[in-house]
Amino acid sequence: MNLTNIWGSFSYLSALFIAVYIVAMKLPRKKLFPFRLLCCTGVVILYKCCSDAFVYALPPDDTVTLLSRVLDSFLLYCLSLLSIGFCFECDFWAMLFCSTAGYCMQHMSQRTYLLLVRFISVSMHPLLKALMLICITAGYYVILYFTMIRKADYRGTMLNNRIQIVVSCIAVLVTIFLNSFAHRAAIGFPSVQSYIMVFSCLTALLSFYVEFGWLAARKAEIEKSTVLQMAEDDSKQFQIEKDIIELINVKCHDLKHQISALNGVIPPDEVKALQETVNIYDSIFKTGNHALDIVLTNRSLLCEKKGITLTCSIDGQPLQFLSDAEIFSLFSNLLDNAIEAVEQIKIPSKRLISLTGQSTCGTFVIQEENYLLTAPQFENNLPLTTKQDKRYHGFGTKSISMICEKHQGHCTMNVMKDIFEVRIVFPMVDGEAKKV
Numbered sequence: 267m268n269l270t271n272i273w274g275s276f277s278y279l280s281a282l283f284i285a286v287y288i289v290a291m292k293l294p295r296k297k298l299f300p301f302r303l304l305c306c307t308g309v310v311i312l313y314k315c316c317s318d319a320f321v322y323a324l325p326p327d328d329t330v331t332l333l334s335r336v337l338d339s340f341l342l343y344c345l346s347l348l349s350i351g352f353c354f355e356c357d358f359w360a361m362l363f364c365s366t367a368g369y370c371m372q373h374m375s376q377r378t379y380l381l382l383v384r385f386i387s388v389s390m391h392p393l394l395k396a397l398m399l400i401c402i403t404a405g406y407y408v409i410l411y412f413t414m415i416r417k418a419d420y421r422g423t424m425l426n427n428r429i430q431i432v433v434s435c436i437a438v439l440v441t442i443f444l445n446s447f448a449h450r451a452a453i454g455f456p457s458v459q460s461y462i463m464v465f466s467c468l469t470a471l472l473s474f475y476v477e478f479g480w481l482a483a484r485k486a487e488i489e490k491s492t493v494l495q496m497a498e499d500d501s502k503q504f505q506i507e508k509d510i511i512e513l514i515n516v517k518c519h520d521l522k523h524q525i526s527a528l529n530g531v532i533p534p535d536e537v538k539a540l541q542e543t544v545n546i547y548d549s550i551f552k553t554g555n556h557a558l559d560i561v562l563t564n565r566s567l568l569c570e571k572k573g574i575t576l577t578c579s580i581d582g583q584p585l586q587f588l589s590d591a592e593i594f595s596l597f598s599n600l601l602d603n604a605i606e607a608v609e610q611i612k613i614p615s616k617r618l619i620s621l622t623g624q625s626t627c628g629t630f631v632i633q634e635e636n637y638l639l640t641a642p643q644f645e646n647n648l649p650l651t652t653k654q655d656k657r658y659h660g661f662g663t664k665s666i667s668m669i670c671e672k673h674q675g676h677c678t679m680n681v682m683k684d685i686f687e688v689r690i691v692f693p694m695v696d697g698e699a700k701k702v
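In terms of my numbering, the sequence shown opens at residue 267 and continues consecutively.
Set out below in C-alpha cells:
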C-alpha cells in the first residue's frame, strides 16, 4: 500500500462521514456526544485499515478486487447508519435518510473531481489533485447545505413516508454499485467511462433533491393540516368565549337592576363603584362586528391583568366578509403574539399595543404595533417562532397569512428598531371588501 492508496482511502472515508454528519447534525444529540463521536471515528478508521489490508492481501484479480471494493462501500454505508444511531436521538428512518443523503453528497463530489481530472489533459502534481478534490468536495457541501439542508426539518413526523425513503435509498445504492461494475467493464473506452460518471453523478444529485423535495412537501402538508386544525379549534374557542361573555353580560344586566334598587340603602359612591365593576363585561368594545368585539373584550381584560395598555381604534363593520371563526383567528393571533412579546418588557412606557383598522383608498387596512425585546428572524416574510420546538409553534402567523391570501389581501410583518409591525390590507370594491 503506497501513499496514493492511503490518501485515496482517507479522502473517501473523511468525505463520506463528514457529509453524513453534516446532514445528521440537525438531529438531537445523545448524552456524551463528543465521546460517542470519538468512538465512532476510531471504529470506522480501524475498520478501514483492516479492510484495506485485507483487499491488498488478496490475489491480484480484478474481479475479486472490484467485488471487495463494492462490499467495502456497502459496509461503510452500514457503519455510517449505525454511527448516526449511536450519536443522535433518532429512529431507523432518520438514520437511513441521513446516510443516504450523505452518500449522495460524497458520490457527487468524487465523480465531479474524477471527471475534471479526466478532462484536464496536462499531468497534475498529486498535491494539486488533492487540493482540487478538497475544494470540489467543500464547494459541493457548502452549496448543498445552504440550499437544502439548512432549511430542512427531518425530525419526527417529517420522516414518516418510509416508502419514499427506501426507494431513494435503493436508487442511490443500485446506481453507485452498478456504476462500479459498468466503469470496470468500460476500461479501454474513456468516453464511455465519462458518460457513466456523469450518469451516476446526476442520479445521486437527483436522489438527493428528491429526498429533500419530499421532505419539503411533507413539511408543507403538515403546516397546512396544522393551520386548518387551528382554524377548527379557533372556531370552537370563539363559541366558548362568545357564550361566556353573553352569559356574563346577561348576569351583569340583571345585577344592574339589583344595584339600582340599592339606591338610598347604601352610599351613592358605593353604588357607583358597584355599577362600574359590573360594566366591565358589558360590551367594552362596539366596533360594529360582534365577533371582533368578543376578541377585543377578552384580550383587553388580559392586557389589564398583565399591566399592558391596549389602544384600539377599528371599524369592524367592513369586516363582515370574514366569518366569525376567521375574525377570531386573525385578531386573536395578532393580539396573543403581541401580548406575549410585550409582557417580557419591564419598562412600563413600552408595555403598549396599538391596533387600528380603517377603510382608505379602496382598501381596508389593519395595523398592529407593539414593542419587543429581541427582533425575530424571518423566513418567507414571516417571523420564525422563538420557541425551542419549532414543530409545534409558529403557526399563528401562517394562519394570519392564509386568511389574507384567501380573501385576496396581503400581510406584511417587519421590525423597525424595537417596534414590531403587522400591516394587513384587504381590497375593497365600492366600499365593500371582496368576497370569496
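Here a beta-carbon is modelled for each residue, glycine too, at the ideal position from N, C-alpha and C.
Taking 6 angstroms as the limit between beta carbons, can you name the residues of its chain near residue i, skipping five residues before and five after?
i, result
"L279", "K314"
"V310", "L345"
"L648", "T663"
"F597", "V561"
"E609", "K572"
"R657", "Only weak support is given to the placement of R657: the predicted model assigns it a pLDDT of 47, under 50, and the value that follows is read from those uncertain coordinates. Result list for R657: empty, nothing under 6 angstroms."
Tell me which residues share the same chain as residue i and place their Cβ nearer than 7 angstroms to its Cβ, disregarding the 5 neighbours each side in the sequence.
i, result
"A607", "N636, L638, F686"
"K616", "Y637"
"D684", "Y637, L638"
"F299", "C353"
Per DSSP, residue i forms a beta bridge with which residues?
i, result
"C569", "DSSP output for C569 lists no bridge partner at all."
"N680", "E687"
"G623", "I580, I632"
"F354", "R295"
"E645", "L648"
"P456", "DSSP output for P456 lists no bridge partner at all."
"L618", "T575"
"Y637", "I685"
Could you say which of the options lies nearest to residue i if we only look at CA atoms?
i, options, result
"A281", "P325, A367, G479", "A367"
"S466", "L380, A483, A418, M682", "L380"
"F363", "K538, L585, E477", "E477"
"F594", "R565, E570, I619", "R565"
"R302", "P456, K417, C353", "C353"
"L348", "P693, S339, R617, S365", "S365"
"M463", "I436, V383, E487, L481", "V383"
"A483", "P534, P533, D419, T469", "D419"
"R377", "I400, K485, L394", "I400"
"S275", "A290, L618, C316", "C316"
"I469", "I436, F320, W273", "As written in the sequence, residue 469 is Thr, which differs from the Ile given in the question. It is I436 whose Cα lies nearest to the Cα of T469."
"E592", "I669, Y475, P614", "I669"
"G675", "E487, L588, T563", "L588"
"L341", "W359, L394, D318", "D318"
"L394", "I613, W273, E536", "W273"
"K417", "Q372, M291, A539", "M291"
"Y475", "M390, L410, G405", "L410"
Please say whether residue j and residue i have beta carbons closer to each other than 8 angstroms?
i, j, result
"M361", "L471", "no"
"V408", "I350", "no"
"G582", "G554", "yes"
"C370", "S473", "yes"
"I580", "G628", "no"
"P392", "T270", "yes"
"I415", "I288", "yes"
"L337", "V330", "no"
"I666", "N599", "yes"
"V681", "A641", "yes"
"V576", "I619", "Here residue 576 turns out to be Leu, not Val, going by the sequence shown. Cβ atoms of L576 and I619: closer than 8 angstroms."
"M694", "F630", "yes"
"C677", "L621", "no"
"A604", "E634", "yes"
"S334", "V321", "yes"
Leaving out five residues on either side along the sequence, give the residues of the same chain with a beta carbon under 8 angstroms from the beta carbon of residue i.
i, result
"E355", "L293, P294, R295, K296"
"I402", "S375, T378, Y379, L382"
"Q643", "P649, L650"
"F412", "none"
Please report the Cβ distance between residue i and residue j, rounded to the nearest whole angstrom; I am assuming they are in contact, meaning their Cβ atoms lie under 8 angstroms.
i, j, result
"D509", "A557", "The pair is not a contact, with the Cβ atoms about 13 angstroms apart (cut-off 8 angstroms)."
"F692", "H673", "6 angstroms"
Quick check: is the beta carbon of residue i nearer than 8 angstroms to any beta carbon in chain B?
i, result
"A367", "Here chain B cannot be found, since the structure has a single protein chain."
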